[in-house]
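Everything on this sheet refers to the single structure shown next.
Number of protein chains: 2
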Amino acid sequence: MTRIAILGYGNLGRGVEAAVAKNADQQLVAIFTRRDPKSITPATEGVPVLSVDEIDNYVNQVDVLMLCGGSATDLPEQTKAYARRFNVVDSFDTHKHIPQHFAEADEASKAGGKISVISCGWDPGLFSLARTYFNAVLPDGTDYTFWGRGVSQGHSDAIRRIAGVVDARQYTVPVPEALEAVRSGECPTLSTRQKHTRECYVVAEEGADLARIEREIKTMPNYFDEYDTTVEFITLDELRKNHSGIPHGGFVIRNGKTGRNDLRHTVEFRLQLESNPEFTGSVLAACARAAHRMNLEGQCGCKTILDIPPAYLSAESADYLRAHLL
Amino acid sequence: MTRIAILGYGNLGRGVEAAVAKNADQQLVAIFTRRDPKSITPATEGVPVLSVDEIDNYVNQVDVLMLCGGSATDLPEQTKAYARRFNVVDSFDTHKHIPQHFAEADEASKAGGKISVISCGWDPGLFSLARTYFNAVLPDGTDYTFWGRGVSQGHSDAIRRIAGVVDARQYTVPVPEALEAVRSGECPTLSTRQKHTRECYVVAEEGADLARIEREIKTMPNYFDEYDTTVEFITLDELRKNHSGIPHGGFVIRNGKTGRNDLRHTVEFRLQLESNPEFTGSVLAACARAAHRMNLEGQCGCKTILDIPPAYLSAESADYLRAHLL
Chain H
15 MTRIAILGYG NLGRGVEAAV AKNADQQLVA IFTRRDPKSI TPATEGVPVL SVDEIDNYVN
75 QVDVLMLCGG SATDLPEQTK AYARRFNVVD SFDTHKHIPQ HFAEADEASK AGGKISVISC
135 GWDPGLFSLA RTYFNAVLPD GTDYTFWGRG VSQGHSDAIR RIAGVVDARQ YTVPVPEALE
195 AVRSGECPTL STRQKHTREC YVVAEEGADL ARIEREIKTM PNYFDEYDTT VEFITLDELR
255 KNHSGIPHGG FVIRNGKTGR NDLRHTVEFR LQLESNPEFT GSVLAACARA AHRMNLEGQC
315 GCKTILDIPP AYLSAESADY LRAHLL
Chain P
15 MTRIAILGYG NLGRGVEAAV AKNADQQLVA IFTRRDPKSI TPATEGVPVL SVDEIDNYVN
75 QVDVLMLCGG SATDLPEQTK AYARRFNVVD SFDTHKHIPQ HFAEADEASK AGGKISVISC
135 GWDPGLFSLA RTYFNAVLPD GTDYTFWGRG VSQGHSDAIR RIAGVVDARQ YTVPVPEALE
195 AVRSGECPTL STRQKHTREC YVVAEEGADL ARIEREIKTM PNYFDEYDTT VEFITLDELR
255 KNHSGIPHGG FVIRNGKTGR NDLRHTVEFR LQLESNPEFT GSVLAACARA AHRMNLEGQC
315 GCKTILDIPP AYLSAESADY LRAHLL
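Just so you know, the protein sequences line up as chains H and P, in that order.
Okay, so the first sequence: first residue is 15 according to the working numbering, each after it adds one.
Okay, so the second sequence: first residue is 15 according to the working numbering, each after it adds one.
Structural data, given as structure tokens:
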């Protein structure tokens, strides 16, 4: 049994909580928050909600601490701070800062004799696995990653910052023709515009200049200017009714060649997720199992999912896996 | 640099040879055969072709021995015999005998202080990885595996044993409607007949009773009687021109639910392979890299791909993987 605690009870924290409930070998023992604990009602009956200030009292009652904060400001501080006292798992997803985050977590985990598993989830996470396996078995090839159809929180937030916008939801959508070209084994060179489109559903203030809002969205540097973007204005009721979910997904595809006749191979990994945070939480829960196992074996330091033997993520024994899943 | 030797120069042995040529960190040092070495001309210039009787003289010149024989009679003898003296990699694919094969290889490898990696390829192999990861991250779900479109050697051989048949090629084909139902997130219960169809291309002797041959194929127990099978008679020229390749592929899909609202997730791994043996050989080459690394670290015993950290299959350093593929 792995005793799990959650730090941070937002969408991801709730996703981890839901995932732990599906795992018979895991038990949620506490939720820690920076908010007033009384303001939180957990989905799991009987689990205590505690102030983060009390976390050090739980060092011996928690096997893995799940760090469910954001990558921008929370995790760069939290992971290295808690990795010294707990086995920790995080979903740090700022790709360019992963090497630094790894180094800091590794130092803290080694100092404390603990395991940290960073950058879990699906990208980074399962998509990273796909890229690594695909490159290892097809060294002569080309990688493609498509995201969507799914909600981009960052792009939705960017629209919300425009004057006159009440709320917004942005979907990233792979271009079907590009996807089919890649899947057919071709290795096209695709521009940003050729790979994804962006669909925006926007609730505007009454009397707002809709033409201006649409123009500001479509020309926004980095976020939208390099894409074909559609903007649809809807009511707040429509947004709540039709766009309240947080779906996401995507594709990792590698086309490779083997042999003297350049025979072609296409390997593809695809996700269709009705809830990005619940699926991400499920990956974190599997990584928590691995973190606990590795630490029980005496290992310490920082790991990523690329360092973890797949069997360690499974609740089943190695014998069972060989007999039934191999 | 990993020094590779191949035992058995059939389709898979040639596939491994082609894969090693794509890996800058691997070098093919010898091909061993039970046939007359003079009867073999390897694709790799300068590589010696030797009788298997000489193999023990090469113990110190080979880092990994690739066992490229068949699962029916070759590998059950060869793996345990050579695992004592060499790091070995095999593609043993008789699923129900894997636990016994593992135990025998494990004992031999441990006795010799070597690593054996068994049951590499794509099923078992990459498909096993998909099943294991998918089950670990979506414990509440349903697995589906589809094979094809691709050539089944066993079914082609079965047709060839029918009186009046000169040659034949059998393709296993997933039923598109079943595949789409699964991909859409439904969890249908599918019969054998609902999942795959079988397409047969048959060259008959002149004057043979075609109706009888077709009937014997379609009613053949285990091989065809539970499937919708189509039989097309073609000339030997047509067979050679249109059906000389060994393509294959397939799909591993898991539909799972998370959370209190049973939100649905579909995870999919797909292969489209122009050459089954060249792709299988490529997976074996990546596993050879891992076998060599694990043994250099002092590990011994039998492993499957489920026991190997993904990073060990890659020619890139852990730092590189974290910076570029994670």
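For each residue, glycine too, the CB sits at the ideal point set by N, CA and C.
The structure presented is a predicted model; accordingly, all values stated were derived computationally and were not measured.
Near chain P, meaning a CB-to-CB distance below 7 Å, the residues of the segment 279-298 of chain H are H279, T280, V281, E282, F283, R284, L285, Q286, L287, E288, S289, E292, F293, S296 and V297. Under the Cβ criterion (8 Å, minimum of three pairs), the segment 300-319 of chain P does not count as touching the segment 159-171 of chain H.
Following the DSSP letters along the chain, one finds H/V102 inside the beta strand (DSSP E) bounded by residues N101 to D104. Within the same chain, A218, E219, A222, D223, R226 and I227 come within 8 Å of P/G178 by CB-CB distance, once the 5 residues on both sides are set aside. The DSSP-derived three-state label of P/Q40 is strand.
Residues are counted here when their Cβ sits less than 7 Å from a Cβ of chain P; for the segment 36-65 of chain H these are K36, N37 and A57, given in chain order. When C-alpha distances from P/P324 are compared across H/V63, H/E59 and H/S142, the shortest belongs to H/S142.
About 14 Å separates the Cβ atoms of P/H109 and P/P90, ruling out a contact at the 8 Å cut-off. The DSSP-derived three-state label of P/I54 is coil. Looking from the CA of P/K52, the closest CA among P/T58, P/V63, P/T156 and P/V43 belongs to P/V63. According to the DSSP secondary-structure assignment, P/F148 is paired through a beta bridge with no residue. Under the Cβ criterion of 7 Å, P/S331 is not counted among the residues facing chain H. The beta carbons of H/C82 and H/L26 sit about 4 Å from each other, so the pair counts as a contact at 8 Å. Within the segment 104-138 of chain H, H109, I112, P113, F116, S133 and P138 place their CB atoms closer than 8 Å to a CB of chain P, listed in sequence order. Taking the C-beta atoms as reference points, H/Q286 is found no nearer than 7 Å to H/G259. P/S142 reaches chain H at L339 and L340, counting residues in chain order whose Cβ is nearer than 7 Å. Residues I20, L42, P56, A57 and T58 of the same chain have their beta carbon placed closer than 7 Å to that of P/E31, with the five preceding and five following residues left out of the count. Burial check for H/S198: the Cβ neighbour count within 10 Å stays below 16, so the residue is exposed. Scanning its chain for C-beta atoms nearer than 7 Å, with the 5 sequence neighbours on each side dropped, one finds around P/S328 the residues L335, in chain order. In the displayed model, H/I227 falls within a helix according to three-state DSSP. The count of Cβ pairs closer than 8 Å, one atom from the segment 239-246 of chain P and one from the segment 122-130 of chain P, stays below three, leaving the stretches out of contact. Assignment of P/P188 by DSSP, reduced to helix, strand and coil, places it in the strand class. When DSSP reads this structure, P/I18 sits in a beta bridge with P/L42 and P/V78. Note on the segment 186-221 of chain P: whole beta strand (DSSP E) runs with a minimum of 3 residues are 210-218, in chain order. Spanning the alpha carbons of H/T87 and H/G295 requires a straight line of approximately 20 Å.
Secondary structure note for H/T156: its beta strand (DSSP E) is the uninterrupted segment G155 to W161. H/K128 carries a coil assignment under DSSP once its states are collapsed to helix, strand and coil. Burial check for H/T280: the Cβ neighbour count within 10 Å reaches 16 or more, so the residue is buried.
Inter-segment contact for the segment 288-303 of chain P and the segment 266-275 of chain H is present: three or more beta-carbon pairs are separated by less than 8 Å. Non-local beta-carbon contacts of H/E282 in its own chain, meaning distances under 6 Å to residues more than five positions away in sequence, involve I267 in chain order.
Interface annotation, H/V151: in contact with chain P, CB-CB separation under 7 Å. For chain P, the residues of the segment 253-275 of chain H that bring a beta carbon within less than 7 Å of one of its beta carbons are T272, G273 and R274, in chain order.
Relative to the Cα of P/M234, the nearest Cα in the group P/A117, P/I176 and P/A95 belongs to P/I176. Rounded to the nearest whole angstrom, the CA to CA distance from P/Q40 to H/E68 is 54 Å. Under DSSP, H/T280 takes part in a beta bridge, and its partners are H/N269 and P/Q286.
Your pair H/H257 and H/D77 does not check out as a contact, with CB atoms roughly 38 Å apart and the cut at 8 Å.
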